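I have placed the structure first, in the form of structure tokens, so that the comments after it can refer back to it.
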Amino acid sequence: MQGESLSNFSLSQCITEASKRFFTEDSEATTFSFPVIEATDRNMFPDTLTQLTLKTLGKDYRCSFLINNVNLPNYVFEGTTKTNSYIIQIQKKGELVTHIKKLKKYSSWNPSGKFLVFSSTVFKTPKKIATDIIKYLWEENVINVAVLLAETKNNSKSAVYSWYPYKDKNCGDQFHVMLPLDHCWFGILQNNRSWFEGKIPKQLNNCTIKANYIDIPPYVINGQHGFQSSNYFKSQGIEINMLNMISTTLNLNIKYGVSKSWVQVYENGTISGDLNFLVNNSIDILFGAYTTEYHRSRYFGFTWPHLQAKIVWWVPHLPRLFRFRNMQNIFKIEVWVSVTSGYVLISFFIWLLSIYYKNEATSYKSFATTLFSNFGILLGFSVKLPRSLAIRCIMVLLIIFGFDLTLAYSSYLTSIISTPKYVEKFDTVTDIYKHNLKTYFMPNSRKFFTDDDDNNTINGVSIHLIKKKLESLSKHKSVLRVCRHF
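Each residue of the sequence shown is one higher than the one before, counting from 449 in our numbering.
Put into structure tokens, the structure is as follows:
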């Protein structure tokens, strides 16, 4: 091998080694983006390099390849999972823009993945080319990137360029501070270090990110514009408090702004509201009780809640109950009816068995005395045991039931005596509408009320009536207005 063939073979070995080390862990999916048109320049050999790379990956590392034509106009390719890594080959300066535009057509597009950009072209200023590539990918929200380019003096040896955007107290704007991270020659890494780890440190140098929000309690409560520090004694809502805590932990500055309306993503890919700011990189985060929807997840990243917690709402209630009334409400009336019915049935069954067994004790021959004895068992008193084995077995079950009932009753009794008890004023949706109160729904909850049939109900209220009462939160700044109507 000589000349260009030797340099292509060396570069293909380096790409294969990088794929083995960084891209084939945990059976993750890797997207390859190679040129599909043969270059006319004598210094470019994309077809040869592509064949060498794919052949090695398929033979030695048993990789499977799915080939798609990304040149179809106005088409979004559906994918099941996000791609974790990308390997992109360019032929000339500026070609990366075309690759990224095509890759972004995929629903599996993942700017948080690992990106390896390489070229068989020998550039006169490889460091400047690598700087331009990393700067462009930074604008596309890609941080974890390595650029593999052939050295000018020795074409068979390639340099790996990368950068650490937050190194030396920077905030991702010092693109000229870039040195070769590693060198590769026929698949042998000189420094034998990772190309993709440690790009984001635990302390972010007091850098600034921009976040817009919708004022919607309890997620956002009276949020403030501009910068604000974390305050553990002032609650501005779950999500603002969480972001403030994160900013304190990571040493970040968050500049808050308010959104004027809810955002929406339509089936044709059209977006509205502040999502346009996310697309244009005018803001970094958008929050305010946004739910995860299919169309949003195709174009934007979203977070999952880390804690399975409940939200406690303050609701109107009737005056406090007196202690005696509290004790009456330990169990609901249905529970008392069930316990009494079971107690009478078991006593009746024991009385019948005592009549059947002639040698049974006389205290169980009468239904009244049987009721009295069984009631003593429920209270935990000692009673005279029956003589027959069948009745004794039933008595054991009654003793276990009485023990559980007494334990539950005493626990509820202790709780009620130690804490005040209130009566819920509105227990169902029907009660809310009977008192002519307003209800508020999230805008995307309209999809649950598509059927106008009066026979379809929610908590006893027809969907038709709920649709009449339904008012979008986009017309109101705060859910606290619901409480004011009470």
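Every residue gets a Cβ at the ideal spot worked out from N, C-alpha and C, and that includes glycine.
A quick note: this is a predicted structure, and the numbers were derived from the prediction, not measured.
Contact between ILE733 and ALA659 holds, since their C-beta atoms are separated by about 4 angstroms, short of 8 angstroms.
Around ALA578, the same chain offers VAL595, LEU597, TYR609 and MET626 as residues with beta carbons nearer than 7 angstroms, after the five sequence neighbours per side are excluded. The Cβ-Cβ distance between ILE781 and LEU861 does not fall below 7 angstroms. Each residue's CA atom was taken as its position, placing TYR554 and THR529 some 10 angstroms apart. Three or more pairs of CB atoms, one per stretch, sit closer than 8 angstroms, so the stretch 458–472 contacts the stretch 636–652. For TYR534, the pairing in a beta bridge is given by DSSP as THR479 and PHE563. Here the alpha carbon of ASP580 sits roughly 43 angstroms from the alpha carbon of ILE669. For SER836, there is no enclosing beta strand (DSSP E), as DSSP marks it with neither H nor E. Taking a contact as a CB-CB distance under 8 angstroms, the pair ILE548 and VAL565 does not count as one, their CB atoms being some 10 angstroms apart. By the C-beta criterion, the stretch 810–826 is judged not to be in contact with the stretch 737–749, since fewer than 3 inter-stretch pairs fall below 8 angstroms. Annotation: the stretch 804–860 contains the following complete segments of the alpha helix (DSSP H) (minimum length 4 residues), in chain order: 815–827. The bridge partners DSSP lists for CYS632 are SER606 and LEU637.
With respect to the C-alpha of GLY736, the residue from THR751, SER786, GLU715 and ASN729 having the closest C-alpha is THR751. In the DSSP assignment, the residues bridged to PHE735 are TYR661. Excluding its 5 nearest sequence neighbours in each direction, LYS617 has C-beta neighbours in its own chain below 8 angstroms: ASN653, listed in chain order. At a Cβ-Cβ threshold of 7 angstroms, VAL590 and PHE563 count as neighbours. Taken through DSSP and simplified to helix, strand or coil, TYR881 comes out as helix. Excluding its 5 nearest sequence neighbours in each direction, LYS576 has no C-beta neighbour in its own chain below 7 angstroms. Take the alpha-carbon of VAL785 and the one of THR854: they are about 16 angstroms apart. For ILE694, no beta strand (DSSP E) encloses it; the enclosing alpha helix (DSSP H) starts and ends at 686–698. Non-local C-beta neighbours of PHE471 in its own chain, meaning closer than 6 angstroms and more than five positions away in sequence, comprise THR478 and SER533, ordered along the chain. Counting only residues of its own chain and dropping the five nearest sequence neighbours on each side, ILE842 has a CB closer than 8 angstroms to the CB of ILE794, PHE797, ILE798 and LEU801.
At least 7 angstroms separates the beta-carbon of ALA607 from that of HIS624.
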